[in-house]
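What follows is a single structure, written as structure tokens, with notes after it.
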Amino acid sequence: MKHVVTTLVMLALIGSALAQPSTTSSKETKRDIAFGTVVNPKEQVKASRKLAKELAKPGSATWRGRGDQKRYYHFPDANTDVPYRVCVPSSWDGKSKLPLVMFLHGGWNDESSYLDQNDKQLVKLADQYGFLLVSPLGYKGAYGNSLRLPAVYGRPDEAAKVLSERTAQRDSTNILSEKDVINVLELVLNEYPVDREQLFLTGHSMGSGGTWYLGAKYSQYWKALAPMSGPFLQASMYPWERIRKMPIFISEGTKAPASLEGSRQLAAWMKSNGFNVEYKEVDADHGGMVPLILPDVFDFFTKFRHQKSPAKGQVVQQLVVQHDGSPKTNFPLATDKGLATICFDASDDVSVQTTARLFAEDVERVTGKKPALVSSKSKLGTYAVIIGTIEKNQLINELVKTGKLATDALQSQWERYTIKTINNPFPGVKQALVIAGSDRRGTSYGVFSISETIGVSPWYWWADVPVQQRDVLTIKPIDFTSKSPSVKYRGIFINDEDWGLKPWSSNNYEKELGDIGPKTYAQVCELVLRLKGNMVAPAMHSCTGAFYSHPESKVAANRYGIIMTTSHCEPLLFNNAAKSEWDSKRDGEWNYAKNKAVILKKMADRVREASPYENIYTIAMRGVHDEGLRGNLSSQEKVAVLTQVMADQRDVLTKYLKKPATEIPQIFVPYKETMDVYELGLQVADDVTLVWVDDNYGYMKRLSGPEERKRSGGAGVYYHFSYLGAPHDYLWLNTTPPVLMYEELMKAYLTGADRYWLVNVGDIKPAELGMQTFLELAWDVEKFDYASINRHQSQFLARTFGTAYESSFQEILDDYYRLAWSRKPEFMGWEREWDAPRYKELANTDFSFQHYNDAQQRLADYQRISDKVDNLLKALPEASRPAFYELIAYPVMGACQMNRKFLMAQLNNELVKANNLSNANWAAAQAKAAYDSINSLTLQYNTLLDGKWDGMMALAPGWCAKYQNMPHVTISEGVASTPVDLAPQADKNKREGCTVIDLKQMKNKVSQNGHSLRIIEGLGYDGYALQLGEATEQTVDPTNLNGTRVDYEFAGVTADSVTVHVYSVPFWALHKGKSTRYGLTVDGQLVVVSQSDHKEYSDAWKDRVMQNSVQTVATFPVDKARPTHTFTLTCGDPGMIIQRVVIDWGGLKKTYVGPSALH
7 MKHVVTTLVM
17 LALIGSALAQ
27 PSTTSSKETK
37 RDIAFGTVVN
47 PKEQVKASRK
57 LAKELAKPGS
67 ATWRGRGDQK
77 RYYHFPDANT
87 DVPYRVCVPS
97 SWDGKSKLPL
107 VMFLHGGWND
117 ESSYLDQNDK
127 QLVKLADQYG
137 FLLVSPLGYK
147 GAYGNSLRLP
157 AVYGRPDEAA
167 KVLSERTAQR
177 DSTNILSEKD
187 VINVLELVLN
197 EYPVDREQLF
207 LTGHSMGSGG
217 TWYLGAKYSQ
227 YWKALAPMSG
237 PFLQASMYPW
247 ERIRKMPIFI
257 SEGTKAPASL
267 EGSRQLAAWM
277 KSNGFNVEYK
287 EVDADHGGMV
297 PLILPDVFDF
307 FTKFRHQKSP
317 AKGQVVQQLV
327 VQHDGSPKTN
337 FPLATDKGLA
347 TICFDASDDV
357 SVQTTARLFA
367 EDVERVTGKK
377 PALVSSKSKL
387 GTYAVIIGTI
397 EKNQLINELV
407 KTGKLATDAL
417 QSQWERYTIK
427 TINNPFPGVK
437 QALVIAGSDR
447 RGTSYGVFSI
457 SETIGVSPWY
467 WWADVPVQQR
477 DVLTIKPIDF
487 TSKSPSVKYR
497 GIFINDEDWG
507 LKPWSSNNYE
517 KELGDIGPKT
527 YAQVCELVLR
537 LKGNMVAPAM
547 HSCTGAFYSH
557 PESKVAANRY
567 GIIMTTSHCE
577 PLLFNNAAKS
587 EWDSKRDGEW
597 NYAKNKAVIL
607 KKMADRVREA
617 SPYENIYTIA
627 MRGVHDEGLR
637 GNLSSQEKVA
647 VLTQVMADQR
657 DVLTKYLKKP
667 ATEIPQIFVP
677 YKETMDVYEL
687 GLQVADDVTL
697 VWVDDNYGYM
707 KRLSGPEERK
717 RSGGAGVYYH
727 FSYLGAPHDY
737 LWLNTTPPVL
747 MYEELMKAYL
757 TGADRYWLVN
767 VGDIKPAELG
777 MQTFLELAWD
787 VEKFDYASIN
797 RHQSQFLART
807 FGTAYESSFQ
817 EILDDYYRLA
827 WSRKPEFMGW
837 EREWDAPRYK
847 ELANTDFSFQ
857 HYNDAQQRLA
867 DYQRISDKVD
877 NLLKALPEAS
887 RPAFYELIAY
897 PVMGACQMNR
907 KFLMAQLNNE
917 LVKANNLSNA
927 NWAAAQAKAA
937 YDSINSLTLQ
947 YNTLLDGKWD
957 GMMALAPGWC
967 AKYQNMPHVT
977 ISEGVASTPV
987 DLAPQADKNK
997 REGCTVIDLK
1007 QMKNKVSQNG
1017 HSLRIIEGLG
1027 YDGYALQLGE
1037 ATEQTVDPTN
1047 LNGTRVDYEF
1057 AGVTADSVTV
1067 HVYSVPFWAL
1077 HKGKSTRYGL
1087 TVDGQLVVVS
1097 QSDHKEYSDA
1107 WKDRVMQNSV
1117 QTVATFPVDK
1127 ARPTHTFTLT
1137 CGDPGMIIQR
1147 VVIDWGGLKK
1157 TYVGPSALH
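In short: position in the sequence shown from 1, add 6, done, that's the working numbering.
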């Protein structure tokens, strides 16, 4: 066997003729580890991530390449191209997340030396074990570690001597070496889908020293370390707490005397001090030990590969024991002997103090007893909950200094928290529950995770979720650290408040102000914070006083640590729709070309006013409220105007916020006509976040292309659960399926939209379930998949009302979303608002009473789930009924009655036309009863809990809504009323002359190019649909019948041709250069390519979003002598979803969207 050639002695020669780095950051002034460099780890990670985005080339031939690859990148600090190696396992399917091993070579070697020796043993092991292997050069240095022979562990005298000989030249080369490693790591993380909880670091000799050094300095990356034969660290010079929980595998050669004793001492000391360490020696010298130990290294990493790190993941479940006789190790939050005190630091952020107060109130909600709030060490008591932000809470600082609390994982992190039980933290304190945050919101999230676990729902106020009373609350021993959220900025937009939040607030909750003001916003901000959101875009219609017209509102938001953002039409936080903000009689025309000075001053005044607080600023501008730019401008004039607007706005931000515009959070929202201007070539500053929008009906219009993904500002999403506009409002109920939301938002996330997620929730109520799901997804996208997102809301309801009802909740929600998918309750009047006069009147639906039980089955399905929620409502305890009514009963019952009103009115019209007056009278009475029921249900909502929500639920939300009206019916006087049997009839379900394909019954499926082919539950006309690949996968030729495809078999027909009707989901192309193609054929004939190339606001698009489908119709000749035929769907642009296929050979009858596969 060939041995790797490298020796410890050679390390002493490193640095003899090394170049100086170009510059170092002004922030690189302190050595994070005594024997390391002055590189600031937080700043270096940030710089490396920026570099990775700048250098990324998603469209290149090497992007996400396979196999063993030698790569180069341009290293700006060294002003040269630097090599590195990447080896991708052959088993990778092209999309699954990969575990990663980074290998650091020994001295006088390079990135390829170890990988190429011993018959490529290292490369083959990585492939065998399924790891992505990365090997950096470590440009001209020792990865930042200055220690070398003979300064091994246990030789502090030698270490001191080596460090005393450290030169500026050697320091500067070590800086380059360290930076190179982090650059390469971030390059790979940016390119490949790496599992961020499965990163492992190993190295030999000098690389072992690098493993020890970088493993601790950048501990947030690593799951485990495996240093081989190079114990270059000292007990007094090392941040041990950073790696205390990290598995470490130390290995050594028995014939390597220079390092053997140091490794033995190091392993023994770590074991005796409780570290998670393993140690192994092999019978070989320093170089020869590598091939012998490498299999053990990969075995070690594999052992921890699928275990959740104790420093990552979500809060530990079963945190609380709620009964007497709890183990003595439990923390007694509340017992019959008393309450723990709650302690915060008076110098901490005001939002942390607010959180501490709310937590005390939460304990009181559960136990009826309120803990004492204290802010000094002397008042802690025997048991204390210590709440604070690292470096801003003196008690937490003391615990860190004494080694009782590790906060390294929180340093320089965004919104993370640690929860730890500590025994005897201070003299006189027997036990403390410490909740430490990396920042103010991280602290709050940690606290509210405990609130939720003891039984206080985030919806205790907004949805009246009851709190179960308990006498005892004790908390099991815990040592847990959260991970950072998946999406940086996560929040809600309150919109179209005219018919809900505004009348409720001004006439009920905040009637002393007569507006939506600080009292209401305090409740909004508390809810968002408890749901782990962090931003709010305030209501902004002209009926409402502007957010900043009530000065206390911004103070209230800050009190809860909430960032204020604004909608697409409020530049620099300025609301031109409110008369208090912009009055054309006073201020002139809202036209930047003509009235720049006034408009710019308005925006500047707002920035100055808001400057003490945390904000995200919308740049560019639109017209007044939701209009396009004022003035008769050409396309290029619009580009020129917006270019000037943005330049002026960034000058304003720099002036009043006293820092460069590149450091100020800004968003550009290409909404409606602004998207057109952007596509014309409008240049947006690289640091500004592009916030992509849906088409107002849940479909993302476009996302970042390969070049846009390189932008340092990243991207975000603006999504809708509620909308006021063409072709029709949907302001009454939230019927957006969680699976559609997941599919579209994950598509955005996977194309780089992880900076900013904002959802339009209307008045918050009744969008509670959607808002809960949206913010949970934004917090942690990795915990969801298609199956779990579809169950998420039923599980939430089960946690709220009882797990015994979970299956019932799932059945109700499945049908609620399925039925509204084909037609929202608001759309059942079959009119279009905001459209030509001929579309504005209520009309009969396209559901058929004559064919396939189309209308009858819809009525029966709605009635079934309505009866089910009514029975559950009656079965629940009295205290739970208001919450159940608000969250699920009113939406389901209301949707049922809205459908019943229109379908029974249609039946009346059809029966009158057929001169069946007796049955027609009965149908008219049923329609009128449904109309009355909606009024009654709404009145019940507004009178719940002594009128707490009076004014929130409107009978007719929207400026021109007609669907809440009573449709036309004809009543024949003097004619008896005779009921109609509307139960679905079996004979009407007969499919004569047509076949409905059950999409689950595949004859054959072939996946090429790594395409995913799956049935998705919770989406489509029948409650499930076929996905032809994921949207981010490789585009292929849809006419290729040897490519990715799905085959279905159907029985022989009696005609010479068949006409196929395919109903797909009306997606937009992923980004520029993509399309929405898929193929269809029968019996292997020439493939017909379908493409949904609709234009926004076209008649085709309006019909498609109202029925959630694009219908493709194609006719194929067939041999009627064949006993069976094959229908095939092919993949073109991955991500297309097929929800229904109907094959007609002469007998298909007219219905709304074809017969169902369910019946």
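Don't be surprised by glycine CBs; every beta carbon is placed ideally from N, CA and C.
Beta-carbon separation (whole angstroms), residue i vs residue j, contact threshold 8 Å
i, j, result
"G374", "Q475", "7 Å"
"W228", "M252", "6 Å"
"P577", "M609", "6 Å"
"A346", "Y389", "4 Å"
"P831", "M904", "4 Å"
"F310", "A230", "5 Å"
Cβ-based neighbour list, residue i, same chain, cut-off 6 Å, excluding 5 preceding and 5 following
i, result
"K1176", "Absent from the model: residue 1176. The displayed extent of the chain is 7 to 1165, so no value can be given."
"Y947", "Y896, M959"
"V1147", "I1003, V1068"
"A773", "F727, N740, V767"
"V981", "L923, S924, N927"
"S1162", "D1028"
"Q324", "Residue confidence is low: Q324 scores 40 on pLDDT, short of 50, so the model does not pin down where it sits. No coordinate-derived value is stated."
Beta bridge counterpart(s) of residue i as assigned by DSSP
i, result
"N766", "F499, H726"
"W698", "V723"
"M234", "H210, S257"
"Y389", "Q437"
"G73", "V94"
"M706", "D700"
"N46", "Answer is none; N46 lacks a bridge partner."
"I977", "DSSP output for I977 lists no bridge partner at all."
"M958", "Answer is none; M958 lacks a bridge partner."
Cβ-Cβ distance between residue i and residue j below 8 Å
i, j, result
"V129", "L139", "yes"
"N766", "G731", "no"
"T1050", "Q1091", "no"
"K907", "I940", "yes"
"L1034", "C1137", "yes"
"S214", "S183", "no"
"Q778", "L537", "yes"
"H80", "S211", "no"
"L696", "D502", "no"
Own chain, CB closer than 8 Å to residue i, minus 5 neighbours either side, in chain order
i, result
"M1008", "V1052, D1053, Y1054"
"G280", "R250"
"S96", "R72, G73, D133"
"R172", "S152"
"T30", "Since pLDDT at T30 reaches only 36, below the 50 mark, its modelled position is unreliable, and the value read off the structure follows with that caveat. Hits under 8 Å: V44, V45, S178, I181."
Cβ-based neighbour list, residue i, same chain, cut-off 7 Å, excluding 5 preceding and 5 following
i, result
"Q328", "Confidence is the limiting factor: at Q328 the pLDDT is only 47, short of 50, which leaves the residue's position unreliable and the question unanswerable from this model."
"S718", "K56, K59, D692, D693"
"K383", "L401, F432"
"V745", "Y792, I795, N796, I1022, G1024, L1025"
"S886", "P472, F807"
"K185", "V45, Q50, D83"
"P27", "Residue placement at P27 is poorly supported in this model, since its pLDDT is 30, which falls under 50; the coordinates still yield a value, given next. D83, A84, S178, I181, L182."
* Scan the stretch 1084-1152 and note each continuous beta strand (DSSP E) run of 3 residues or more that stays entirely inside, going in chain order. => Within the stretch 1084-1152, the complete beta strand (DSSP E) runs of at least 3 residues are 1094-1097, 1116-1123, 1130-1137, 1142-1150.
* Run through the stretch 510-563 for me and flag every whole alpha helix (DSSP H) of 4 or more residues, listed as ranges in chain order. => 524-536, all fully within the stretch 510-563.
* Counting only runs that start and end within the stretch 440-489, where is the alpha helix (DSSP H) found for 4 or more residues in a row? -> DSSP runs (the alpha helix (DSSP H)) wholly in the stretch 440-489: 446-459.
* Asked: Which ranges does the beta strand (DSSP E) cover as unbroken runs of at least 3 residues, wholly within the stretch 651-675, from first to last along the chain?
  -> Those beta strand (DSSP E) runs which fall completely within the stretch 651-675 and span 3+ residues are 672-674.
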